[in-house]
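A short worksheet on the structure shown next.
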Amino acid sequence: MITFSRANCTPKVAATLARRRFTLARLVAGLALALGTTFGGASAALAAQAGSATIAVVAAENFYGDVAKQIGGNYVDVTSILSNPDQDPHLFEASPKTARALQNARVVVYNGADYDPWMSKLLGATGAGTSGTSRTTIVAADLVGKKAGDNPHLWYDPKTMPAVARAVSAALGAADPAHKSVYDANLATFLASLQPVDAKVAALRARYRGQPVTATEPVFGYLSDAIGLDMRNLRFQLAAMNDTEASASDIAAFERDLRERRVRVLIYNSQATEALTRRMLALAKASNVPSVSVTETQPAGVNFQQWMLAQLDSLDKALAVGTPGQH
Ligand SMILES: [Zn+2]
Numbered sequence: 154m155i156t157f158s159r160a161n162c163t164p165k166v167a168a169t170l171a172r173r174r175f176t177l178a179r180l181v182a183g184l185a186l187a188l189g190t191t192f193g194g195a196s197a198a199l200a201a202q203a204g205s206a207t208i209a210v211v212a213a214e215n216f217y218g219d220v221a222k223q224i225g226g227n228y229v230d231v232t233s234i235l236s237n238p239d240q241d242p243h244l245f246e247a248s249p250k251t252a253r254a255l256q257n258a259r260v261v262v263y264n265g266a267d268y269d270p271w272m273s274k275l276l277g278a279t280g281a282g283t284s285g286t287s288r289t290t291i292v293a294a295d296l297v298g299k300k301a302g303d304n305p306h307l308w309y310d311p312k313t314m315p316a317v318a319r320a321v322s323a324a325l326g327a328a329d330p331a332h333k334s335v336y337d338a339n340l341a342t343f344l345a346s347l348q349p350v351d352a353k354v355a356a357l358r359a360r361y362r363g364q365p366v367t368a369t370e371p372v373f374g375y376l377s378d379a380i381g382l383d384m385r386n387l388r389f390q391l392a393a394m395n396d397t398e399a400s401a402s403d404i405a406a407f408e409r410d411l412r413e414r415r416v417r418v419l420i421y422n423s424q425a426t427e428a429l430t431r432r433m434l435a436l437a438k439a440s441n442v443p444s445v446s447v448t449e450t451q452p453a454g455v456n457f458q459q460w461m462l463a464q465l466d467s468l469d470k471a472l473a474v475g476t477p478g479q480h
């Protein structure tokens, strides 16, 4: 049984985490100071908010921000904290800019399950209603019954986004009852737009259920499970996610799977790379094992549904050519 824990870190990662905690502690202290000095201006901030036509929404990750925007439309102003596809979200450190965005948020969405632990700490620091209004916090992990130790890449689970969208719609309707019917309608549109994704998962399941595959990092895990693929080398993937050293035997097993073509595809997280995962990608190419590139963060220029569908399409193409055991 693989546990997706940060606890079994190497000293290198422990140092990174300690640094992160230190940064966060400083940030929290600075924020408390800032709130203390601006407290007298709270009524002015409240007046400004009352005159504002949009609801401030902050999403820790840009795919949740996208869904909030699809539900809220012109009535929301969405800020997404993690949105850089060239950055590894597992190594993210919160900045004062992050804290400032949260201060005025009426609705906050984050992943949970220890993917973005900086969020709950920042929220604790800013407290509820620092601008004089109530704040609704939506945690994806709580909605789908996941916790620290589970695979944290919940947005790849087909069950997650419908639950998040429903929660966002309810929060917006409560914050802005005048436009509740708009949020309800946008929710219905969003849920309907996920149907092609679900249909694609079902089609892949019918064709490829039980087929062996491997991945450099667990980001695609829930979708792989939904399709029914036999995902191999989980311990290696966990080490890549936590930026720890994979064991020699786990590396050897991974290499054997590629060299002997025991897997039909390599799913490659292009956002969590290091020398070792790049080496596996090169070995897959040399061994004629097709690879599929996936990302943690939603790429620019596409919405969540298009992003998922595009990745499922490339997986489909790769599975179609990658027959195992043929030399
Ligand atoms: Zn990841």
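Residue numbers (the working numbering): 154 to 480. Just so you know, even glycine gets a beta-carbon here, dropped at the ideal spot from N, CA and C. Computed from a predicted model, the values in this text were never measured in an experiment.
Sheet register partners of residue i (DSSP bridge)
i: A212; result: S233 and V262
i: S440; result: None; S440 has no bridge partner.
i: A368; result: I420
i: V447; result: N422
i: R385; result: T367
i: F157; result: G302
Proximity to residue i [Cα-Cα], best of the options
i: D521; options: G302, S423 and A209; result: This structure does not reach residue 521, given that the chain is present from 154 up to 480, and the question cannot be answered.
i: A318; options: H332, A355, Y309 and Y336; result: Y336
i: A258; options: M272, G374 and K300; result: M272
i: W308; options: D239, Q464, A453 and N264; result: N264
i: Y347; options: G218, T426 and M461; result: A small correction: the amino acid at residue 347 is Leu; Tyr does not occupy that position in the sequence shown. Cα-wise, what sits closest to L347 is M461.
i: R358; options: A221, L472, A206 and Q240; result: L472
i: A212; options: T450, Q458, A328 and L465; result: T450
i: S444; options: P452, R362, S467 and A453; result: S467
i: T447; options: P365, F373 and D241; result: Reading off the sequence, residue 447 comes out as Val, not Thr. That would be F373, whose Cα lies nearest to the Cα of V447.
i: A488; options: G298, V354 and D410; result: Absent from the model: residue 488. The displayed extent of the chain is 154 to 480, so no value can be given.
i: L465; options: A338, S440, P349 and L275; result: P349
i: A206; options: V220, N215, F216 and G225; result: G225
i: R414; options: Q364, T232, T290 and H332; result: Q364
i: L255; options: S287, R388 and H243; result: S287
i: L376; options: D219, T397, D295 and A352; result: A352
i: K113; options: L275, D410 and V297; result: Look at the range of the chain in this structure, 154 to 480, and you will see that residue 113 is not part of it.
i: F343; options: E427, A209 and A221; result: A221
i: Q106; options: P315, P305 and P270; result: The structure shown does not extend to residue 106, since the chain is modelled only from 154 through 480, so no value can be given for it.
i: L244; options: D396, N456 and V455; result: D396
i: G218; options: D241, V260 and S440; result: V260
i: A293; options: A338, F216 and V416; result: F216
i: A392; options: T426, Y361, T289 and A316; result: T426
i: K299; options: T232, K312 and H332; result: K312
i: M314; options: D329, V297, P330 and A328; result: V297
i: V416; options: R385, A453 and I291; result: R385
i: N227; options: I208, E398, Q240 and L275; result: I208
i: V229; options: Q240, A278, L275 and N339; result: N339
i: L429; options: A453, M394 and R360; result: M394
i: A356; options: K470, V210 and A453; result: K470
i: Y361; options: V474, S440 and V210; result: V474
i: D241; options: D269, Q223 and T232; result: D269
i: I291; options: E398, V210 and A331; result: V210
i: A328; options: E398, T289 and T232; result: T289
i: N441; options: Q459, E408, A453 and Q458; result: E408
i: N456; options: F157, Q223 and E398; result: Q223
i: D295; options: T232, V262, Q459 and G277; result: V262
Near ligand 2: residue i beta-carbon under 7 Å from a heavy atom
i: P371; result: The model on display carries ligand 1 but not ligand 2.
Check: Of all the beta strand (DSSP E) runs that stay within the bounds of the stretch 266 to 336, which reach a length of 3 or more residues?
Finding: As far as the stretch 266 to 336 is concerned, its whole beta strand (DSSP E) runs of at least 3 residues are 289 to 292.
Check: For ligand 1, which residues count as neighbours when the test is a C-beta closer than 6 Å to any heavy atom?
Finding: Cβ-based neighbours of ligand 1 within the cut-off: H243, H306, E370, V372, M394, A425 and E449.
Notebook entry, point to check: Is it a yes or a no for the stretch 319 to 326 touching the stretch 433 to 441, going by three-plus beta-carbon pairs under 8 Å?
Noted result: no
Next item on the list: Inspect the CB distances between the stretch 246 to 265 and the stretch 355 to 369 and report whether three or more fall short of 8 Å.
Entry: No: fewer than three Cβ pairs fall under 8 Å.
Next item on the list: Check whether the stretch 406 to 421 touches the stretch 226 to 240, taking contact to mean three or more Cβ pairs, one atom from each stretch, closer than 8 Å.
Entry: no
Next item on the list: Mind the definition here: the stretch 396 to 404 touches the stretch 373 to 381 only if three or more C-beta pairs lie below 8 Å; say whether that holds.
Entry: no
Next item on the list: Please specify which runs of the alpha helix (DSSP H), each continuous and at least 4 residues long, are wholly inside the stretch 338 to 365, giving them in chain order.
Entry: 348 to 361
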